[in-house]
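*Asks:* Pasting in a structure now, in structure tokens, and then I'll have a few things to ask.
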Amino acid sequence: MLIQVVKSKIHRVSVTQAELNYIGSITIDEALLEASNMVEGERVQIVNIDNGERLETYTIKGERDSGTICLNGPAARRVAVGDKIIIIGYGFMTMDEAKEFKPSIVFPNEKTNLID
1 MLIQVVKSKI
11 HRVSVTQAEL
21 NYIGSITIDE
31 ALLEASNMVE
41 GERVQIVNID
51 NGERLETYTI
61 KGERDSGTIC
71 LNGPAARRVA
81 VGDKIIIIGY
91 GFMTMDEAKE
101 FKPSIVFPNE
111 KTNLID
């Protein structure tokens, strides 16, 4: 049996943009994607600390070291620029694998969204 566990997390980043007229997804600074062990196109859950909203979307690679966190399409209606969010990626693994697995968790600078 496979279970779904937290694989990656970007903790407490600020939304820098919200673009309603876009197909959908979340654009994330490429350096943050790499540091958190996420890949472009990965399904992620977005948890908005400021308003309690939760949604799922997929990742798009943003400009490296830009600090970009942009919710696109319908998700743009569920955040405001400046909101603090958590981005969580999940993976499937066996129970034995899950017991030994350590997720990649990134705590970027809350003012710049960059890794110090």
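The numbering of the sequence shown is the numbering used here, which starts it at 1 and goes up by one. Even for Gly, the Cβ is constructed at its ideal location relative to N, Cα and C. Since the model is a prediction, treat every value here as computed from it, not as a measurement.
Which runs of the beta strand (DSSP E) fall wholly inside the segment 30-70 and span at least 3 residues, in chain order?
*Replies:* Within the segment 30-70, the complete beta strand (DSSP E) runs of at least 3 residues are 43-48 and 54-62.
*Asks:* Please name the residue or residues paired with Met1 in a DSSP beta bridge.
*Replies:* Partner(s): none; Met1 has no beta bridge.
*Asks:* Could you check where the alpha helix (DSSP H) with Glu97 kicks off and where it finishes?
*Replies:* Segment Met95 to Glu100, the alpha helix (DSSP H) holding Glu97.
*Asks:* Taking its Cβ as the centre, do 16 or more other Cβ atoms sit within 10 Å of Ala31, making it buried, or is it exposed?
*Replies:* With 16 or more other Cβ atoms within 10 Å, it is buried.
*Asks:* So Val47 and Ile85 are supposed to be a Cβ contact under 8 Å. How far apart are they, rounded?
*Replies:* Yes, Val47 and Ile85 are in contact; Cβ-Cβ is about 6 Å, under 8 Å.
*Asks:* Can you tell me whether DSSP reads Ala76 as helix, strand or coil?
*Replies:* Here Ala76 sits in helix by DSSP.
*Asks:* For the segment 15-32 and the segment 59-68, state whether three or more C-beta atom pairs, one from each stretch, are separated by less than 8 Å.
*Replies:* Touching, per the Cβ criterion.
*Asks:* How about Ala76 and Leu2: are their beta carbons less than 7 Å apart?
*Replies:* Going by C-beta atoms, Ala76 is not nearer than 7 Å to Leu2.
*Asks:* Quick check: what's the CA-CA separation for Thr57 versus Gln17?
*Replies:* C-alpha separation (whole angstroms): 16 Å.
*Asks:* Helix, strand or coil, according to DSSP, for Ile87 in the structure here?
*Replies:* Strand.
*Asks:* Over what stretch of residues does the beta strand (DSSP E) that includes Glu19 continue unbroken?
*Replies:* Start and end: Gln17 to Glu19.
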